[in-house]
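Visitor: The following block contains the structure, expressed as structure tokens.
Number of protein chains: 2
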Amino acid sequence: MNNREDTSNGGKSEKNDASGGKYEDNNLGKKCGWESGPEAAHHAHFLRAVLDLLVEKAVFQGTDRSSKVVEWVEPSELQQRLQLDLGDDGVTQGDLLRHLDQVVRYSVKTGHPYFINQLFSSLDVYGLVGQWVTDALNPSVYTYEVSPVFTLMEIKVLSAMADLVGYKEHDGLFCPGGSISNMYGMLLARYHHCPDVKKRGLHGLGHQLVVLTSADSHYSLLKSAMTLGLGADNLLPVDVDEAGRMDVGHLRQRIKSAREEGAVPFMVCATAGTTVLGAYDPLDAVAEVCGDESLWLHVDAAWGGGALLSSRHKHKLLGIHRADSVTWNPHKLLASPQQCSVFLTSHPGLLDACNSASANYLFQKDKFYDTSYDVGDKHLQCGRRVDVLKFWTMWKAKGTTGLEKHVERVFEMSQLFADKIRFREGFKLLLEPECTNVCFWYEPPSLRTKRAHPEYNKLLNAVAPKIKERMVKTGSMMITYQPLRGQPNFFRLVLQNSQVNEHDINYFIAQIEHLGRDL
Amino acid sequence: MNNREDTSNGGKSEKNDASGGKYEDNNLGKKCGWESGPEAAHHAHFLRAVLDLLVEKAVFQGTDRSSKVVEWVEPSELQQRLQLDLGDDGVTQGDLLRHLDQVVRYSVKTGHPYFINQLFSSLDVYGLVGQWVTDALNPSVYTYEVSPVFTLMEIKVLSAMADLVGYKEHDGLFCPGGSISNMYGMLLARYHHCPDVKKRGLHGLGHQLVVLTSADSHYSLLKSAMTLGLGADNLLPVDVDEAGRMDVGHLRQRIKSAREEGAVPFMVCATAGTTVLGAYDPLDAVAEVCGDESLWLHVDAAWGGGALLSSRHKHKLLGIHRADSVTWNPHKLLASPQQCSVFLTSHPGLLDACNSASANYLFQKDKFYDTSYDVGDKHLQCGRRVDVLKFWTMWKAKGTTGLEKHVERVFEMSQLFADKIRFREGFKLLLEPECTNVCFWYEPPSLRTKRAHPEYNKLLNAVAPKIKERMVKTGSMMITYQPLRGQPNFFRLVLQNSQVNEHDINYFIAQIEHLGRDL
Numbered sequence: 004m005n006n007r008e009d010t011s012n013g014g015k016s017e018k019n020d021a022s023g024g025k026y027e028d029n030n031l032g033k034k035c036g037w038e039s040g041p042e043a044a045h046h047a048h049f050l051r052a053v054l055d056l057l058v059e060k061a062v063f064q065g066t067d068r069s070s071k072v073v074e075w076v077e078p079s080e081l082q083q084r085l086q087l088d089l090g091d092d093g094v095t096q097g098d099l100l101r102h103l104d105q106v107v108r109y110s111v112k113t114g115h116p117y118f119i120n121q122l123f124s125s126l127d128v129y130g131l132v133g134q135w136v137t138d139a140l141n142p143s144v145y146t147y148e149v150s151p152v153f154t155l156m157e158i159k160v161l162s163a164m165a166d167l168v169g170y171k172e173h174d175g176l177f178c179p180g181g182s183i184s185n186m187y188g189m190l191l192a193r194y195h196h197c198p199d200v201k202k203r204g205l206h207g208l209g210h211q212l213v214v215l216t217s218a219d220s221h222y223s224l225l226k227s228a229m230t231l232g233l234g235a236d237n238l239l240p241v242d243v244d245e246a247g248r249m250d251v252g253h254l255r256q257r258i259k260s261a262r263e264e265g266a267v268p269f270m271v272c273a274t275a276g277t278t279v280l281g282a283y284d285p286l287d288a289v290a291e292v293c294g295d296e297s298l299w300l301h302v303d304a305a306w307g308g309g310a311l312l313s314s315r316h317k318h319k320l321l322g323i324h325r326a327d328s329v330t331w332n333p334h335k336l337l338a339s340p341q342q343c344s345v346f347l348t349s350h351p352g353l354l355d356a357c358n359s360a361s362a363n364y365l366f367q368k369d370k371f372y373d374t375s376y377d378v379g380d381k382h383l384q385c386g387r388r389v390d391v392l393k394f395w396t397m398w399k400a401k402g403t404t405g406l407e408k409h410v411e412r413v414f415e416m417s418q419l420f421a422d423k424i425r426f427r428e429g430f431k432l433l434l435e436p437e438c439t440n441v442c443f444w445y446e447p448p449s450l451r452t453k454r455a456h457p458e459y460n461k462l463l464n465a466v467a468p469k470i471k472e473r474m475v476k477t478g479s480m481m482i483t484y485q486p487l488r489g490q491p492n493f494f495r496l497v498l499q500n501s502q503v504n505e506h507d508i509n510y511f512i513a514q515i516e517h518l519g520r521d522l
Numbered sequence: 004m005n006n007r008e009d010t011s012n013g014g015k016s017e018k019n020d021a022s023g024g025k026y027e028d029n030n031l032g033k034k035c036g037w038e039s040g041p042e043a044a045h046h047a048h049f050l051r052a053v054l055d056l057l058v059e060k061a062v063f064q065g066t067d068r069s070s071k072v073v074e075w076v077e078p079s080e081l082q083q084r085l086q087l088d089l090g091d092d093g094v095t096q097g098d099l100l101r102h103l104d105q106v107v108r109y110s111v112k113t114g115h116p117y118f119i120n121q122l123f124s125s126l127d128v129y130g131l132v133g134q135w136v137t138d139a140l141n142p143s144v145y146t147y148e149v150s151p152v153f154t155l156m157e158i159k160v161l162s163a164m165a166d167l168v169g170y171k172e173h174d175g176l177f178c179p180g181g182s183i184s185n186m187y188g189m190l191l192a193r194y195h196h197c198p199d200v201k202k203r204g205l206h207g208l209g210h211q212l213v214v215l216t217s218a219d220s221h222y223s224l225l226k227s228a229m230t231l232g233l234g235a236d237n238l239l240p241v242d243v244d245e246a247g248r249m250d251v252g253h254l255r256q257r258i259k260s261a262r263e264e265g266a267v268p269f270m271v272c273a274t275a276g277t278t279v280l281g282a283y284d285p286l287d288a289v290a291e292v293c294g295d296e297s298l299w300l301h302v303d304a305a306w307g308g309g310a311l312l313s314s315r316h317k318h319k320l321l322g323i324h325r326a327d328s329v330t331w332n333p334h335k336l337l338a339s340p341q342q343c344s345v346f347l348t349s350h351p352g353l354l355d356a357c358n359s360a361s362a363n364y365l366f367q368k369d370k371f372y373d374t375s376y377d378v379g380d381k382h383l384q385c386g387r388r389v390d391v392l393k394f395w396t397m398w399k400a401k402g403t404t405g406l407e408k409h410v411e412r413v414f415e416m417s418q419l420f421a422d423k424i425r426f427r428e429g430f431k432l433l434l435e436p437e438c439t440n441v442c443f444w445y446e447p448p449s450l451r452t453k454r455a456h457p458e459y460n461k462l463l464n465a466v467a468p469k470i471k472e473r474m475v476k477t478g479s480m481m482i483t484y485q486p487l488r489g490q491p492n493f494f495r496l497v498l499q500n501s502q503v504n505e506h507d508i509n510y511f512i513a514q515i516e517h518l519g520r521d522l
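Chains Y and W are the protein sequences, given in the same order. Using the working numbering, read the first sequence as starting at 4 and increasing by one per residue. Using the working numbering, read the second sequence as starting at 4 and increasing by one per residue.
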């Protein structure tokens, strides 16, 4: 290990440390080569001290219901406490351990069962182990030469996921998140429609390209349209029904009217599990339209794709095998650690045709092995962190059956939450949940008599932010809220953590009532 | 931790394991909740068994000079050995440990001092610890609410790096690698030139946008031009001198001729440390041209930016403070773990203006804290893995002085290598090194009498691939080779590992002579 030029332990000596005194700073880290005995032992000691801290405070305490989800501190105050400054001189390993203890202390415990704030959560032991192994190997995956194991592992996992999608043939890649994965979808669709753009660009194309997507689709579609040079105006929103699903009639209309205006639609993006409401667009019907109109169908299943693992819920994605491309993030519903995002397409070879630049310093064709295993040129990234191992480790440990049980459990618990609040005084469901999103208002007692008040919506709008503030400040739980289409702020419970049980569901309800009762 | 639906240990029992029998599978993982005693203990036991494996085999053995850099196996054979298949049923923790042992065994040891194959290497104890802490916390950084510590830490590190660049004011972000960082540069330059493209796209812009970059710049510029809809043809290559540096006279000419042809240049990309030769473009002179011509200057210092830490070498980047934007990867010359890539700009607010989509489910403006700390909307990613902690941990531990020593050490060792081969029989330097890249041919004895042979270049071209094959198959070291502008294949030694010493340098030379002597 590389610490020859390490200047830590600059003459300072420490007796106690954050891990409870087990670690003693013995001033050996000043010039440490990893081969030699005492320095190596010193570093090994430090590694183990950090691991003790992590296992105790991040892994166990961080997921313990009796611990806080977050220890809230205002930005300016936190800046003081963390001592983030970077100086000329290094700090001792003992000091560093204390700093890392603070990092753990003030970080949000996203593995905690009461963290139901985002589309990721949980702390899975196999996922964590997969991450730790990845880090110890520090690989980059672009050629078989430098990443033999992970090249083959990516092929295996992509293939297993493509099978679940129902693809007869496929290609795919791991992306740094669902937004980039959706961008790959739009990029590939554009290349498929007009391959010449790769060489000549959009200038002089002669027609305005447009993309259709539901009004509730993820904002990454908008960012993709901006980035790829299509322009935000040319992402045409399609209406949704009261459940947040794409209105297929309106889709047909919108395609027609775009063509009448002289624009050229080339892609429809459907969503399987929208971000806020958790709606599944009717994929089969959308695929029908795309077939009729010769449009590329991309399905953003970043969030809801995990339902493909469940025989009870996969019908929600009926027709997904007809998509030209799919985004699917195992780090969401399947609770793999951040980040694990997959892009799949039913057009083998197209990713390479679209994205290749054939750099001959990396993808030499005179190598001694089969260079079809050098998969990097179909990516936009060059060096690329390995995201496959953590998910492979989880899948291998639990089996497909284990992943299915996980998915069914989180659906079941979110349904239970919906059932419990459906007729409960003060709670109001926005809609029946399709995915594990449960959207609802909480109406404090004082508002229940003001339903006819002209300011009612404004008053209700202020409730969720106030309750959220109290939650965060006490660290009791974290759940998000948002407005939608003029509706006042509502809460969105969202589950990916199969550790959440009925007791927790009751706790969530009681907390919200408790924190909102005097508003 | 989330393993409620875990189906590992499906009734199987194991006595021995890959970590040498210390771990015993006791069938407790079948239904493990993390709160309860025996199951938690079981998982803790598994975690520690994996960590023992990692510390022993990946960290220590993997960086030990007496161990192989890689245990080479052909793809089809490796597929057999790894048993990557994903079945319905899970495997026991004991089996999983054996699988992970194989993953470690067959992975390239990128932290090994004899891995000098790519622009990343080393295994830094502080970097590794930073990664492990990140994983245990599993954060995503877009809002202060969910990532208070890492939001502040990013601000601090970006600011410290901007100081080194010499920016008076700045903005910046962490990217998933240098390619995406360069794409941000082109995207921002385009927005600065014609902000309307964000809304309307490139269609109907009325003029063809072009970007100028040196012929030796990284292929990500080409991919960026393709992706952003500018087109590969509109990335105009500028000639380089014999050292691989941009020819500023030709740059001026190229801008002029592009304008004469009716195109509109808007950006120049200069490189500080080219991928193959390690050349530093003359930034001050290029900045002068950009000033005169009102063009955005992006500097791709992904590779060579680390020299800014060294008072001896930072003159190579003279003028970088005049750049409008900079790519700089601490995971390259500064040997932070993969991935750690930074994008900086001297235009505060522009990233947000260019990339914001204002999603109101995430970036609510009615939060109770100062939402200027919610930095996610200036990124293209939504969920984003934390890449700052590993680098902050290294910097904090070593101090700026420690990083400087690291940089100077790798420059010194690469210079030493160049000195040793400069007049050595059979070796020929392509050019004097500017960065830690040392490019050279090895000419086997049999070729030394054939210099006038009409097939000489063809014969020499075959040498490096053959020596590389032998290296990989014996696992003795890894160094890359490539052709360039019609020149036959040559080796590129490249150092980021400050553990590499003079003994290693001699070893590299001896290995190449040994493996090539009969060719």
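Backbone N, C-alpha and C fix where the C-beta goes; we use that ideal spot for every residue, glycine too. Bear in mind that the values here come from a model prediction, so they are computed numbers and not experimental data.
Just verifying my parser: in three-state terms, what is the DSSP assignment at Y459/W?
Guide: As a working mapping, residue 459/W is identified with position 456 in the second sequence. The answer is helix: DSSP assigns Y459/W an H, G or I state.
Visitor: Comparing alpha-carbon positions, which option in K368/W, M189/W, S297/W lies nearest C272/W?
Guide: Sequence index remark: in the second sequence, residue 272/W carries index 269 (1-based). Among K368/W, M189/W, S297/W, the Cα nearest to that of C272/W is on M189/W.
Visitor: Counting only beta-carbon separations shorter than 7 angstroms, does K308/Y have a partner in chain W?
Guide: Residue numbering aside, residue 308/Y sits at position 305 when the first sequence is read from its first letter. Before going further, note that residue 308/Y is Gly rather than Lys in the sequence given. For G308/Y, the answer is no, since every Cβ of chain W falls outside 7 angstroms of its Cβ.
Visitor: 7 angstroms is my cut-off, CB to CB: does W444/Y come that close to chain W?
Guide: The count along the first sequence starts at 1 and reaches residue 444/Y at position 441. No, because no Cβ of chain W sits closer than 7 angstroms to the Cβ of W444/Y.
Visitor: Excluding the 5 residues flanking K319/Y on each side, which residues of the same chain have their C-beta closer than 6 angstroms to its C-beta?
Guide: Along the first sequence, read from residue 1 onward, the residue named residue 319/Y stands at position 316. These residues qualify, in order along the chain: Y283, A310.
Visitor: Is the distance from the Cβ of G307/W to the Cβ of A338/W below 7 angstroms?
Guide: Taking the second sequence and counting its residues from 1, the one referred to as residue 307/W is at position 304. Taking the second sequence and counting its residues from 1, the one referred to as residue 338/W is at position 335. No, Cβ-Cβ distance for G307/W and A338/W is not below 7 angstroms.
Visitor: Look up H206/W in the DSSP assignment and say whether it is helix, strand or coil.
Guide: The residue you call residue 206/W lines up with position 203 of the second sequence. Residue state, collapsed to three classes: coil.
Visitor: Could one say the Cβ of E472/Y lies closer than 7 angstroms to chain W's Cβ atoms, at least one of them?
Guide: In the first sequence, the residue the question calls residue 472/Y occupies position 469. For E472/Y, the answer is yes, since a Cβ of chain W falls inside 7 angstroms of its Cβ.
Visitor: State the Cα-Cα distance for the pair S313/W and E411/W, rounded to the nearest angstrom.
Guide: To locate residue 313/W, count along the second sequence from 1; it is residue 310. To locate residue 411/W, count along the second sequence from 1; it is residue 408. If you take the alpha carbons of S313/W and E411/W, they lie about 7 angstroms apart.
Visitor: Quick check on DSSP: helix, strand or coil for D303/W?
Guide: Within the second sequence, residue 303/W is the residue found at index 300, counting from 1. D303/W falls in the strand class under three-state DSSP.
Visitor: Put L126/Y into one of helix, strand or coil per three-state DSSP.
Guide: By 1-based counting over the first sequence, the position of residue 126/Y is 123. Three-state DSSP puts L126/Y in coil, outside helix and strand.
Visitor: Which first and last residues belong to the beta strand (DSSP E) in which A467/W is found?
Guide: Locating residue 467/W in the second sequence gives position 464, where the first residue counts as 1. Careful: A467/W lies outside any beta strand (DSSP E), inside the alpha helix (DSSP H) at 466-477.
Visitor: In terms of alpha-carbon separation, which member of T146/W, E74/W, D390/W lies closest to P333/W?
Guide: Indexing the second sequence from 1 puts residue 333/W at position 330. Comparing Cα-Cα distances from P333/W to each of T146/W, E74/W, D390/W, the minimum goes to D390/W.
Visitor: Using a Cβ distance threshold of 8 angstroms, determine whether the region 410-429 of chain Y contacts the region 490-502 of chain Y, with at least three qualifying pairs required.
Guide: Yes, the region 410-429 of chain Y touches the region 490-502 of chain Y.
Visitor: L450/W touches chain Y at which residues, Cβ-Cβ below 9 angstroms?
Guide: As a working mapping, residue 450/W is identified with position 447 in the second sequence. Those do not exist, as L450/W stays about 17 angstroms from chain Y at its closest Cβ, beyond 9 angstroms.
Visitor: Taking the beta carbon of N509/W as the centre, do at least 16 other beta carbons fall within 10 Å, making it buried, or is it exposed?
Guide: Here residue 509/W is taken as the residue at index 506 of the second sequence, counted from 1. By the 10 Å Cβ count, N509/W comes out exposed.
Visitor: Between the region 214-229 of chain Y and the region 371-385 of chain Y, do at least 3 Cβ pairs fall closer than 8 angstroms?
Guide: Because the criterion of three Cβ pairs below 8 angstroms is not met, the region 214-229 of chain Y and the region 371-385 of chain Y do not touch.
Visitor: Does DSSP classify C272/W as helix, strand or coil?
Guide: Position 269 of the second sequence holds residue 272/W. Reduced to three states, the DSSP call for C272/W is strand.
Visitor: Could you name the residues of the same chain whose beta carbon sits closer than 6 angstroms to that of G232/W, not counting the 5 residues immediately before and after it, in chain order?
Guide: For the purposes of this step, residue 232/W is taken as the residue at position 229 of the second sequence. Same-chain partners within the cutoff: L205.
Visitor: Distance check for H517/W and R451/W, CA to CA, integer angstroms please.
Guide: Taking the first residue of the second sequence as 1, we reach residue 451/W at position 448. Taking the first residue of the second sequence as 1, we reach residue 517/W at position 514. Spanning the two alpha carbons is a distance of roughly 16 angstroms.
Visitor: So that I know if they touch, is there some Cβ in chain Y lying closer than 7 angstroms to that of W331/W?
Guide: Taking the second sequence and counting its residues from 1, the one referred to as residue 331/W is at position 328. Cβ-Cβ to chain Y under 7 angstroms: no for W331/W.
Visitor: Which runs of the beta strand (DSSP E) spanning at least 3 residues fall entirely within the region 357-433 of chain Y, listed in chain order?
Guide: With a minimum length of 3 residues, the continuous beta strand (DSSP E) runs that stay inside the region 357-433 of chain Y are 430-432.
Visitor: When you compare each of E437/W, D377/W, S79/W to L374/Y by their alpha carbons, which one comes out closest?
Guide: Here residue 374/Y refers to the residue found at position 371 when the first sequence is read from its first residue. The sequence shown places Thr at residue 374/Y, not Leu. Minimum Cα distance to T374/Y is reached at S79/W.
Visitor: Go ahead and pull the three-state DSSP assignment for N492/Y.
Guide: Here residue 492/Y is taken as the residue at index 489 of the first sequence, counted from 1. Three-state result, N492/Y: strand.
Visitor: Apart from the five residues just before and just after T137/W, which ones in its own chain have a Cβ nearer than 6 angstroms to its Cβ?
Guide: Your numbering for residue 137/W matches position 134 in the second sequence. The answer, listed in chain order, is V389, L392.
Visitor: Restricting to Cα atoms, I'd like to know which of F430/W, E77/W, G181/W is closest to L155/Y.
Guide: Translated into positions along the first sequence, residue 155/Y becomes position 152. L155/Y has its Cα closest to that of E77/W, out of F430/W, E77/W, G181/W.
Visitor: Identify every residue that forms a DSSP beta bridge with D174/W.
Guide: Residue 174/W sits at position 171 when you count from the first residue of the second sequence. D174/W pairs with T348/W.
Visitor: For a contact defined as C-beta to C-beta under 8 angstroms, what are the partners of V107/Y on chain W?
Guide: Position 104 of the first sequence holds residue 107/Y. Those are V136, A139, L140, listed as they occur along chain W.
Visitor: Can you tell me whether R262/Y is buried or exposed, with buried defined as 16 or more other CB within 10 angstroms of its CB?
Guide: Along the first sequence, one-based indexing puts residue 262/Y at 259. Per the 10 Å Cβ criterion, exposed.
Visitor: Using only the alpha-carbon positions, how far apart do A266/W and A235/W sit?
Guide: In the second sequence, the residue the question calls residue 266/W occupies position 263. In the second sequence, the residue the question calls residue 235/W occupies position 232. Going from the Cα of A266/W to the Cα of A235/W covers about 14 angstroms.
Visitor: Taking 7 angstroms as the threshold (C-beta atoms), are F493/W and C442/W in contact?
Guide: What you label residue 442/W is simply residue 439 of the second sequence in a count that begins at 1. What you label residue 493/W is simply residue 490 of the second sequence in a count that begins at 1. Yes.
Visitor: DSSP three-state label for N440/W, please.
Guide: The residue given as residue 440/W occupies position 437 in the second sequence. If DSSP states are grouped into helix, strand and coil, N440/W belongs with the strands.
Visitor: Give a yes or no on whether the minimum CB-CB distance between G93/Y and chain W is below 7 angstroms.
Guide: Along the first sequence, one-based indexing puts residue 93/Y at 90. G93/Y counts as touching chain W.
Visitor: How would you label K399/W, buried or exposed, when you count the other beta carbons within 10 angstroms and need 16 or more for buried?
Guide: Working through the second sequence from its first residue, we reach residue 399/W at position 396. Its Cβ being crowded by 16 or more others within 10 Å, K399/W is buried.
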